[in-house]
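With the first letter of the sequence shown counted as 1, position 83 gets the number 83 in UniProt numbering; the numbers rise by one all the way through. For each residue, glycine too, the CB sits at the ideal point set by N, CA and C. Take a look at the structure set out below.
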Amino acid sequence: MSTKIALKFSRSNRIYRPSEPVEGKIVIKSPSSISHYGIRLSVNGSVNLQVRGGSAGVIETFYGVVKPITIVNKSIEVKPSGKIGSGTTEVPFTMVLKQNGEKSLERFYETFHGTDVSIQYLFTVDIARGYLYKSLSATMEVIVESDKADLLERPVSPEMAIFYITQDTQRHPLLPEIKSGGFRVTGRMSTLCSLLDPISGELTVETSAVPISSIDIHLLRVESILMGEKIVTETSLIQTTQIADGDVCRNLTLPIYVILPRLLTCPSVFAGPFSIEFKVSIVISFQSELSKLHKKSDPRTPRLWVSISLNFIVEETYLFASKLSFKFQLAMETLPLELVRTR
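In structure tokens form, the structure reads like this:
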């Protein structure tokens, strides 16, 4: 049995604010006593930026990694050199990410796991054992949220955007049976939302000559990175929430209620080297003759709109699809979404 080391934080959800003490224990399990030259605990918080090939406006073969933006990088000695007995040993620790009056290297952005932008705060414990033995180490991420002093007072005034979706508002070509028959869907949705609250709103199918298959809400992230003199922007899907399955009764108001995922969202950020924004898309799919050829539940035969519908959210892509004379059996409307953290 080899010696094992782990970090155990005082909060099971590992959510902390920069000015709060991060407390926990370093758990060491060893079959025999070991000598060491000190136990150190360090924290590294950074914004990692990466541009992937195929991003909007970027050559397919281009790939770039931008130098990480350091938010915090500090280290403390938890225990001086000595011995650790056999069995299980627990060494308590306390560390504050941002001391009062301490000038930070960068603003403490909230934890975020995106496609091209990732904001992480990693705690690492190291036990030095000299030249003859390999050092022992363990790393674990904590979730950082904004300090209470920087938060907005609740409740956030809801900003509702009114939308309507018809065959004339679509920027991509529709199947002839859908375009000729016509449809009209109206509603409203919150575009300023607290991360603690769901995205809310309502939707009504007023008319539709072609039966509706489903209505879904796509939550999207828009990540932008400054690469030299160029801004690279990529839109990607976070999650899909279905609010209706099958043909919808006309003039029946349907509620919109979308819960935000914790690690995949954060307050909207507009920094110099990067930005993180969000959007919501209302997607309506119709029961056309094409849809009868492929069942929705069969993942082996995805319908054409499923495989590339998200590409339409990136405005440049729909032009390419139009040139290929694709006809689609969906309609959509995309709205900007500002996310904020409240007390």
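What residues in its chain sit with their C-beta under 6 Å from that of residue i, if we drop five residues either side in the sequence?
{"i": "residue 44", "result": "73 and 122"}
{"i": "residue 9", "result": "24"}
{"i": "residue 238", "result": "219, 221 and 264"}
{"i": "residue 375", "result": "Here the chain covers residues 1 to 343 and nothing more, so residue 375 does not appear."}
{"i": "residue 247", "result": "211 and 212"}
What number of angstroms, rounded off, separates the C-alpha of residue i from the C-alpha of residue j?
{"i": "residue 346", "j": "residue 207", "result": "In the structure displayed, the chain extends from 1 to 343; residue 346 sits before or after that span and is not available."}
{"i": "residue 86", "j": "residue 141", "result": "28 Å"}
{"i": "residue 270", "j": "residue 22", "result": "28 Å"}
{"i": "residue 120", "j": "residue 167", "result": "43 Å"}
{"i": "residue 311", "j": "residue 98", "result": "Because residue 311 carries a pLDDT of 40, less than 50, the predicted location of this residue cannot be relied on, and no value is offered for it."}
{"i": "residue 174", "j": "residue 329", "result": "6 Å"}
{"i": "residue 313", "j": "residue 279", "result": "Low confidence applies here, because residue 313 scores a pLDDT of 40, under 50, leaving its location unreliable; read the following figure in that light. Distance between the alpha carbons of residue 313 and residue 279 is about 10 Å."}
{"i": "residue 172", "j": "residue 281", "result": "15 Å"}
{"i": "residue 136", "j": "residue 223", "result": "37 Å"}
{"i": "residue 3", "j": "residue 75", "result": "23 Å"}
{"i": "residue 266", "j": "residue 342", "result": "12 Å"}
{"i": "residue 340", "j": "residue 30", "result": "46 Å"}
{"i": "residue 284", "j": "residue 19", "result": "45 Å"}
{"i": "residue 321", "j": "residue 151", "result": "Note that residue 321 has pLDDT 39, beneath the 50 cutoff, so the model's placement of it is unreliable and no number is given."}
{"i": "residue 316", "j": "residue 52", "result": "Caution applies to residue 316, whose pLDDT of 39 falls short of 50 and renders its modelled position unreliable; the value that the coordinates give is listed next. Using only the alpha carbons, I get a separation of about 17 Å."}
{"i": "residue 134", "j": "residue 48", "result": "29 Å"}
From the DSSP output, in three-state form, read off residue i for me.
{"i": "residue 201", "result": "strand"}
{"i": "residue 180", "result": "helix"}
{"i": "residue 245", "result": "strand"}
{"i": "residue 128", "result": "coil"}
{"i": "residue 148", "result": "helix"}
{"i": "residue 44", "result": "strand"}
{"i": "residue 74", "result": "strand"}
{"i": "residue 52", "result": "coil"}
{"i": "residue 113", "result": "strand"}
{"i": "residue 108", "result": "coil"}
{"i": "residue 218", "result": "strand"}
{"i": "residue 36", "result": "strand"}
{"i": "residue 103", "result": "coil"}
{"i": "residue 134", "result": "coil"}
{"i": "residue 170", "result": "coil"}
{"i": "residue 18", "result": "coil"}
{"i": "residue 211", "result": "coil"}
{"i": "residue 310", "result": "Caution applies to residue 310, whose pLDDT of 39 falls short of 50 and renders its modelled position unreliable; the model cannot decide the point."}
By Cβ distance below 8 Å, which residues in the same chain neighbour residue i in space, the five residues on each side in sequence not counted?
{"i": "residue 94", "result": "21, 22 and 23"}
{"i": "residue 188", "result": "160, 161, 162, 163, 201 and 202"}
{"i": "residue 88", "result": "27, 28 and 29"}
Considering only residues of the same chain and omitting the five flanking positions on each side of residue i, which have a CB-CB separation below 7 Å?
{"i": "residue 80", "result": "38"}
{"i": "residue 255", "result": "202"}
{"i": "residue 106", "result": "69, 70 and 71"}
{"i": "residue 253", "result": "202 and 204"}
{"i": "residue 78", "result": "26, 39, 40, 41, 91 and 93"}
Does the stretch 160-169 come close enough to the stretch 32-51 that 3 or more CB-CB pairs lie under 8 Å?
-> In short, these stretches do not touch, since the Cβ pair count stays below three.
Jot down the residue ranges of each uninterrupted beta strand (DSSP E) in the stretch 247-274, minimum 3 residues, whole runs only, in chain order.
-> If only uninterrupted beta strand (DSSP E) runs of at least 3 residues are considered, those enclosed by the stretch 247-274 are 253-258.
Mind the definition here: the stretch 141-150 touches the stretch 173-182 only if three or more C-beta pairs lie below 8 Å; say whether that holds.
-> Three or more beta-carbon pairs separated by less than 8 Å are not found between the stretch 141-150 and the stretch 173-182, which leaves the two stretches without contact.
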